[in-house]
Amino acid sequence: MESGGFLARRPEPCAAAADPDDGDARRGGWRAAFFLIVVGFLERIGFFGVQGNLMLYLTGPMAMSTAAAATAANTWGGTVLVLTLAGGLAADSSGLGRYRAVLVASALYLLSLGMLTVSSSSMAAQPATSPSSSIVVFYAALYLLALAQGFHTPCAEAFGADQFEREGDDDDDRGGGDARRRASRSSYFNWYHFSISWGYVISTTLLCYVDENVGWTVGFAACWATMVLYLAVFLLGTGTYRRAERPVIDGAAAARRAWTARFFFFFFSRNRKDAAEQLIETQEDEVVVVDGHGDGGKGFFLVKLLPIWLNSIVFAVVISQVSTLFTKQSSTMDRRIGGGGGGGLVLPSAGLQCLVSFTYIAVLPVYDRMVVPLARRVTGGGGGGITMLQRIGAGMATACLAMVVAALVEERRLRVARDAGLVDRPDATVPMGVWWLVPQHVLVGVAEVLAVIGLEEFFYDQVAGELHSVGLAVSQGVMGVGSYASGALVAAIDWATAARSGGGGESWFADDLNRAHLDYFYWLLAALAALEVAVFVYLAQRYDYKNKSKP
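For the sequence shown, our numbering gives the first residue as 30, with consecutive numbering after it.
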């Protein structure tokens, strides 16, 4: 992994081959990628401006119970994840392509946010008896928004990375120019996430404030206006984009069907060894059809990528604690900012979540402009540096450390609660500053900077060129699977520990956190994360990159 030239004073022309249809060798590179980085920033503001406050809208203007609102929000969130994979497949396995997929996303964003604005306005006019038509419009808009996200998330980021690709990038014979392109592409992923982190910060502060203090209709209208800018910026960069996306031919579709059949045969066959050999043989044959030029069977290593994807679920489980148990911990602690004797501002329970975004903003420039160049010099220059798997492994190890810190902090919180006599007073504030939770939030942020971005780059790089959007969707999907796995793990442990105590409410996740044992759960996650790191090191040492010249 190497550092690119996003901050360089002179623009870096793309050394990629020109799109034969465009006849312009100057397209692509950082000039084109910059538009996609801005598009990503604007999209996060518009989309997360809705998602970030969805629970409050459902329990407020929609008058839903907490349980019903949580179920609706979780169902919608799961749909977002499923449609992300669907959007990637639609872009990569048809004639749609990533450029047109982003245009489809922008149209869906404008339609859905416009419908949300109209629906919110109707409910505001008749809050007591909101017409059923407004509710239908609301849910239709919400799921159209999920569909828009499904097209945008894998396709916009992949399209930006495409600006550093060229015909023949799947080949093994790479020169210095190709190394520079890979360095710039790696840097692009860093700066893309740096940009969207600012989008998260703005949406969770400014737009959430507008929703709660000015009005929901104004907030949704602001999200719609942001998407107008999103479309304008994307179209403004059209003349700079490389769009040499090779169409997936009919033969490739047939090949994928045959490969899928053998993939299921692998899982249901009793002779896994023979099935695996057939699966890999099928894969090697089909890459020639999809790529059009063949690459010795190294085009799309799903069989080799699957263990790394599965192993990353534990990391995703750890990351998911930020918006759940970390927030619950915060709600029991002293959250006053300044003032004394009960005065001063009070930080919202979820307020520390923004520290993850601020960690992205603070760490990414340092990582891209200092850590990576230093690693290149230490490891020997052009081909050296930090590999994608090394970056992912470092992120997993940091996530393990975050759970250790979280467990130690929770042990102290419980001790302070006992000393203050608050064991049976769940509504009382524990006399311990919420700032004790800062280290674990920051460590999770660092872990995400390393592993989340590393996984995205890894899956983008290691799949066939026509499947880059799918690769990104698969890497992002592991976070959703981790959220579901976390929920299942919590439910299982809650049932087991409550049953052991005779149903007396002494589970690890008791409603009274001063009687609960989140510290035990954090120690369990730390142990699982340590095991995950060990397994990952084993897998990484035996993994052969699609391109042998990878650092």
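Glycine included, each C-beta is placed from N, C-alpha and C at the ideal position.
State yes or no: is the C-beta of residue i within less than 8 Å of the C-beta of residue j?
i, j, result
"PHE223", "LEU393", "yes"
"VAL582", "ARG365", "Here the chain comprises residues numbered 30 to 580, so residue 582 is not present and cannot be evaluated."
"GLY266", "CYS184", "no"
"LEU83", "PHE188", "no"
"PHE180", "ALA212", "no"
"ARG73", "SER498", "no"
"ARG271", "GLY474", "no"
"ALA435", "TYR551", "yes"
"ILE337", "LEU479", "no"
"LEU236", "ALA251", "yes"
"PHE488", "LEU418", "no"
"TYR138", "ALA177", "yes"
"GLU495", "ASP121", "yes"
"THR182", "GLN505", "yes"
"LEU145", "VAL79", "yes"
"LEU216", "ASP456", "Reading the sequence as shown, one finds Ser at residue 216 and not Leu. Not closer than 8 Å, so no."
"PHE77", "SER232", "yes"
Around the C-beta of residue i, are 16 or more other C-beta atoms found within 10 angstroms, so that it is buried, or is it exposed?
i, result
"ASP199", "Caution is warranted here: a pLDDT of 47 is assigned to ASP199, below 50, making its placement in the model unreliable, and no coordinate value can be reported."
"ASN219", "buried"
"GLY622", "Summary: the structure shown does not reach residue 622, with the chain confined to residues 30 through 580, and so no result is reported for it."
"LEU264", "exposed"
"GLN192", "buried"
"ASP448", "exposed"
"ARG454", "exposed"
"TYR389", "buried"
"MET399", "exposed"
"LEU110", "buried"
"SER161", "exposed"
"ARG210", "buried"
"GLN491", "buried"
"SER359", "buried"
"VAL503", "buried"
Excluding the five sequence neighbours on either side, which residues of its own chain have a C-beta within less than 8 Å of the C-beta of residue i, listed in chain order?
i, result
"MET362", "ARG442, THR458, VAL459, MET461, GLY462, VAL463, TRP465 and LEU466"
"VAL562", "GLY422, MET425, ALA426 and CYS429"
"LEU125", "ALA119 and VAL133"
"SER150", "THR246"
"VAL481", "HIS222, ILE348, GLY424 and MET508"
"ALA545", "SER536, TRP537, PHE538 and ALA539"
Leaving out the 5 sequence neighbours to the left and right, which residues in its chain are closer than 6 Å to residue i when beta-carbon positions are compared?
i, result
"ALA428", "PHE344, VAL347, ALA476 and ALA558"
"ALA102", "LEU83 and MET84"
"ARG214", "ALA190 and PHE193"
"GLU440", "ASP548"
Roughly how many whole angstroms lie between the Cα atoms of residue i and residue j?
i, j, result
"ALA169", "SER141", "8 Å"
"ALA446", "ASN543", "6 Å"
"LEU354", "LEU547", "8 Å"
"LEU384", "ILE225", "14 Å"
"ARG60", "THR269", "7 Å"
"ALA130", "ARG420", "30 Å"
"GLY248", "TYR572", "48 Å"
"THR408", "GLY106", "42 Å"
"ARG39", "ALA520", "Reliability fails at ARG39, whose pLDDT of 37 lies under 50, so the model's placement of it is uncertain and the value that follows must be treated cautiously. Going by the C-alpha atoms only, they are around 55 Å apart."
"GLY69", "LEU132", "13 Å"
"VAL318", "LYS333", "Legend: pLDDT at VAL318 = 37, less than 50; position of this residue unreliable, value from coordinates given subsequently. When rounded, the distance between both Cα atoms is 20 Å."
"LYS575", "ARG55", "28 Å"
"ASP339", "GLY483", "Residue identity differs from the one stated: residue 339 is Leu in this sequence, not Asp. If I take the Cα positions, the gap works out to 15 Å."
"PHE538", "ASP523", "6 Å"
"ALA556", "MET91", "42 Å"
"VAL438", "HIS470", "12 Å"
"GLU186", "ALA391", "21 Å"
"GLY204", "THR416", "Note that GLY204 scores 47 on pLDDT, short of 50, meaning its location in the model is unreliable and no value can be drawn from it."
"THR113", "GLY75", "17 Å"
"THR104", "TYR513", "11 Å"
"VAL7", "LEU260", "Absent from the structure is residue 7, since the part of the chain shown begins at 30 and ends at 580."
"GLU535", "THR88", "29 Å"
"ALA527", "SER148", "43 Å"
"VAL564", "GLU485", "20 Å"
"PRO377", "GLY81", "14 Å"
In chain order, what residues of the same chain have a beta carbon less than 7 Å from the beta carbon of residue i, not counting five sequence neighbours either side?
i, result
"VAL510", "ILE342 and ALA345"
"LEU554", "VAL346, VAL347 and MET432"
"GLY143", "TRP253"
"TYR597", "Nothing in the structure corresponds to residue 597, since the chain is present only between 30 and 580."
Who does residue i pair with in a DSSP beta bridge?
i, result
"ASP363", "GLY462"
"LEU132", "None, per the DSSP bridge assignment."
"LEU335", "Answer by DSSP bridge pairing: none, since LEU335 is not bridged."
"LEU374", "ILE366"
Is residue i near the ligand NAD, with its Cβ less than 7 Å from a heavy atom?
i, result
"ASN340", "In the structure shown, the ligand NAD is absent, as is every other ligand, since no ligand is present at all."
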